[in-house]
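All letters in the sequence shown, in the order written, are residues -24 to -1, 1 to 611 by mature numbering (1 follows the signal peptide of the UniProt record, and there is no 0). Even glycine gets a Cβ: it sits at the ideal position worked out from N, Cα and C.
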Amino acid sequence: MKRTPLAAALFAIALGGTTVVAFADDVPAPQNVPYSAGALKINVDATDLAHRVFRVQETIPVAAAGRLTLLYPQWIPGNHSPTGPIDKFAGLTVKANGKVLPWTRDEYNVYAFNVDVPQGASEVEVDFQFLSPQDTRQGRVVMTPEMLNLQWNTVSVYPAGYYARQIQAEPSVKLPAGWQFGSALEVASQDGGSVHFKPIDYDDLVDSPIYAGKYFKRLDLDPGASTPVHLNIVADDPKYLEVTPDQLKIHRQLVQQMYKLYGAHHYDHYDFLLSLSDKMSGNGLEHHRSSENGTPPAYFTEWGKGWAMRDLLSHEFNHSWDGKYRRGADLATPNFNVTMGDSLLWVYEGQTQFWGQVVAARSGLWSDKQYLEMIAAVASVYDKGRPGLASWRNVQDTTNDPTIALRRPLPYRNYQGSEDYYSAGEMIWLDVDGKLRELTGGKKTIDDFAKVFFGVNPGAWDVDPYTFDDVVKTLNGISPYDWASYLRTRLDGHGPLTGGLASHGWKLVYNDKPSDAVKAMEMFRHMTDLSYSLGVSIGKEGAINDVLWDGPAFNAGLSPGMTIVAVNGRSYDSDAIKDAVTAAAKDSSQPIELLVKNFDEYKTVRIDYHGGLKYPHLERDSSKPDTLSQLIKAK
């Protein structure tokens, strides 16, 4: 989106007798011309583990004297939002010809810094620190005694007025002694912990983070291939780096299943970056030639327990095609300080959520049973678990959530909605697959859409933007239909999104037995999920996480933030409240009695619910063929 530069502009609009004053910053708009002064030299010292501080020295060539505006990246790809951590940017000093230059922050743009370059200066030297979070209350922890995650948008500034891809950079990093690293960046030279990388444009530099650590392992996921793919692992302890041959085989199958799906790839090499840690925060962030993935440390060593999150790598890998190469046109911005538009995230994230889980099953990261249980859990949310989407909100509007909520906790997530374009988008694309099969007598499926839409131009790794009309045109090319109305009804409407299950020969049902998927998610999130019975999810020590809007618990007076102290006169625990729900189903005369704490007050809440425990499952509809099992079958 092009923005006209206005020098300290302000204008007034008279509206109904009220004067509304609006301001515009004077940051130069990006132009698609080379930054001809030379390459940015970005040197990062990442050795201060005790303070968790990244120290930056950057040299920025300049072509002429006068005003120079430096930008700290604001709109971060993959976050889809203005989340550049400017609050952790500190110590800015700018010099030219050995003298300190005064700088001023733009009055209306806190990410922009203005300096006046003196006559005779050919470059400016910029020093600052990135003060990474000390604990999770301040954001993602990215540096620990054993590992670090260096994201270049946090440790660099760049000149305004240019497309990011038109600015060249020469990055380097100093790592703690003995540490190894993984990155999509290519090494030019290395002297101990000091690593100099080959020149790269600034757009791709920000797209090329580093994971480094004391305990490191690199696995080849496509041996002998002309386009290498590696899994780079850092861990809290070397014991977590043990990978069995079967586990390695599954991750190699992930690569091959993705290739069979798309028929092309859009990188010259690819590096999964995986942290196994209880110290460095978990993560899932896509890049064109790499991905950041963070899980608890026992990802490999307790393989059976953490299966519910094993679609992380398949999800982020899929983004190389969907999101990085093919990208919604309003997300394909010229630099990191131009406002992004998120209107097509139901494709970018929704179809990636769909394929991330399908390919998890195709590759063996999940079993068929695990996939079916997980899709039942997802479908239940869009059957009974999002009353807000059934009443006042729609899926399309949730694409605004990265900017509205910035992933902060919400008071009533089920009623407000929260980035539902992910899983609601998954259900829409499952529905699309069913419709394609119906229209073509099973001859065409969503795999055909994937190849035509994402599997184009093998080897290219620029950006190929698309619009809603492009999505519709591609679907019509596979099978003519009123796809625009079909999609808009689901994106803009308020009905349940479970039609894709029925079209694939399955029904969503509820009974009193939690599936393995529900158990796995309860374990991972440390919670008890009674969303479809009492209408409440409960965290550690009875803390209420969410209360279903207009559900039994809500109508009885429970709310998030309260703590359940006792159930029917006995101390709270997960089994106690489940037993109470089961008992109430057998005796309709007695409500479930909870003693709850609300701030410093205690009160008794009685919930007149007698429907028993309810958990989602899939059940076959024998009147229709089972095309869901066909969908997840390995290719």
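Grab me the residues of residue i's own chain with a C-beta within less than 8 Å of its C-beta, minus the 5 sequence neighbours each way, in chain order.
i: Ser290; result: Leu230, Met234, Trp331, Gly332, Gln333, Val335, Ala336, Ser339 and Leu341
i: Thr450; result: Phe425, Val428 and Phe429
i: residue 673; result: The structure shown does not extend to residue 673, since the chain spans only -24 to 611, so no value can be given for it.
i: Thr112; result: Ser257
i: Asp407; result: Arg466, Leu473, Gly475, Gly476 and Ser479
Apart from the five residues on each side of it in sequence, which residues of its chain come closer than 7 Å, Cβ to Cβ, to residue i?
i: Arg28; result: Ser108, Gln110 and Met119
i: Thr443; result: Ala305
i: residue 626; result: An answer regarding residue 626 cannot be provided, because it is not within the stretch -24 to 611 covered by the chain.
i: Lys573; result: Met538, Thr539 and Val541
Answer with buried or exposed for residue i, where buried requires no fewer than 16 other C-beta atoms within 10 angstroms of its C-beta.
i: Tyr11; result: buried
i: Lys411; result: buried
i: Pro214; result: exposed
i: Lys590; result: buried
i: Thr80; result: exposed
i: Lys193; result: buried
i: Pro78; result: exposed
i: Leu506; result: buried
i: Phe(-2); result: For Phe(-2), the pLDDT reaches just 45, beneath the cut-off of 50, and the residue's location in the model is therefore unreliable, although a value from the coordinates is still provided. Exposed, by the Cβ-count rule.
i: Trp155; result: buried
i: Asn85; result: buried
i: Gly168; result: exposed
i: Lys611; result: exposed
i: Ala532; result: buried
i: Lys(-23); result: Confidence at Lys(-23) is low in this model, with a pLDDT of 34, below 50, so its placement is unreliable and the value that follows should be read with caution. The residue is exposed, with fewer than 16 neighbouring Cβ atoms inside 10 Å.
i: Phe293; result: buried
i: Val485; result: exposed
i: Trp368; result: exposed
i: Leu604; result: buried
i: Glu349; result: buried
i: Gly545; result: exposed
i: Glu162; result: exposed
i: His56; result: buried
Counting only the same chain and skipping the five closest in sequence on each side, list residues whose C-beta sits under 6 Å from that of residue i.
i: Phe157; result: Ile186 and Ala188
i: Arg31; result: Asp21 and Gln105
i: Val439; result: Arg303 and Ala308
i: Ile351; result: none
i: Ala160; result: Ser184, Asp247, Arg265 and Ser266
i: Lys71; result: Glu101
i: Asn125; result: Val118 and Tyr187
i: Lys420; result: Leu412, Ile454 and Ser455
From what residue to what residue does the beta strand (DSSP E) around residue i run?
i: Arg583; result: Looking at the sequence provided, one finds Ile at residue 583 rather than Arg. Counting along the chain, the beta strand (DSSP E) containing Ile583 begins and ends at Glu577 to Ile583.
i: His227; result: No beta strand (DSSP E) contains His227, which is instead part of the alpha helix (DSSP H) from Pro221 to Tyr238.
i: Gly189; result: Ile186 to Gly189
i: Ala478; result: Segment Gly475 to Ser479 is the alpha helix (DSSP H) holding Ala478; no beta strand (DSSP E) there.
i: Gln114; result: No beta strand (DSSP E) holds Gln114; DSSP gives it neither H nor E.
i: Arg596; result: Tyr591 to Arg596
i: Val20; result: Leu16 to Asp24
i: Thr504; result: Thr504 to Leu506
i: Tyr486; result: Trp482 to Asn487
i: Leu571; result: Ile568 to Asn574
i: Val512; result: Val512 to Ile514
Between which two residues does the alpha helix (DSSP H) harbouring residue i extend?
i: Asp551; result: Ser550 to Lys562
i: Arg374; result: This sequence places Thr at residue 374; Arg is not what is there. Here the alpha helix (DSSP H) through Thr374 covers Val371 to Thr374.
i: Val118; result: Neither: Val118 is in no alpha helix (DSSP H) and is coded neither H nor E.
i: Ser605; result: Thr603 to Leu607
i: Glu498; result: Asp492 to Arg501
Mind checking if residue i is an interface residue toward chain D, Cβ cutoff 7 Å exclusive?
i: Gly67; result: Annotation note: the requested chain D is absent from the structure, which comprises a single protein chain.
Worksheet item: At what residue ranges does the segment 413 to 470 contain a whole run of the alpha helix (DSSP H), taking only runs of 4 or more?
Response: 422 to 430, 444 to 454 and 459 to 468
Worksheet entry | Segment contact flag, the segment 38 to 47 with the segment 160 to 180, C-beta cutoff 8 Å, min 3 pairs | no
Worksheet item: At which residue ranges does the segment 240 to 295 contain complete alpha helix (DSSP H) runs of 4 or more residues, listed in the order of the chain?
Response: 288 to 294
Fill in: Any beta strand (DSSP E) of 3 or more consecutive residues that is wholly inside the segment 522 to 549
539 to 543
Worksheet entry | Three or more C-beta pairs below 8 Å linking the segment 258 to 266 and the segment 471 to 480 | no
Worksheet entry | Whole beta strand (DSSP E) elements within the segment 37 to 112, 3-residue minimum | Along the length of the segment 37 to 112, whole beta strand (DSSP E) runs at least 3 residues long occupy 42 to 47, 65 to 72, 75 to 77, 79 to 82, 85 to 93 and 99 to 107, reported in chain order.
Fill in: Touching by the beta-carbon criterion (3+ pairs, under 8 Å), the segment 114 to 131 and the segment 59 to 69
yes
Discussion item. Count Cβ pairs between the segment 415 to 425 and the segment 445 to 462 that sit closer than 8 Å; are there 3 or more?
Written reply: yes
Worksheet entry | Inter-stretch contact (C-beta, 8 Å, three-pair minimum) for the segment 233 to 249 and the segment 423 to 443 | The segment 423 to 443 and the segment 233 to 249 touch, with three or more beta-carbon pairs separated by less than 8 Å.
Worksheet item: Looking at C-beta atoms only, is the number of pairs between the segment 578 to 598 and the segment 551 to 562 that lie closer than 8 Å three or more?
Response: yes
Discussion item. Is it the case that the segment 430 to 449 contacts the segment 487 to 501, given that we only count it when at least three CB pairs across the two stretches are under 8 Å?
Written reply: no
Discussion item. If we require 4 or more residues per run, which alpha helix (DSSP H) segments fall completely within the segment 302 to 390?
Written reply: Runs found: 321 to 324, 326 to 339, 344 to 357, 363 to 367, 371 to 374 and 377 to 380.
Practice prompt. Taking 8 Å as the threshold, find out whether the segment 246 to 266 comes into contact with the segment 203 to 212 through three or more Cβ pairs.
Written response: yes
Discussion item. Would you call the segment 314 to 328 in contact with the segment 592 to 603, where contact means no fewer than 3 C-beta pairs closer than 8 Å?
Written reply: No, because fewer than three Cβ pairs between the segment 314 to 328 and the segment 592 to 603 fall closer than 8 Å, the two stretches do not touch.
Worksheet item: Whole alpha helix (DSSP H) runs in the segment 145 to 211 with 4 or more residues, listed along the chain?
Response: 178 to 182
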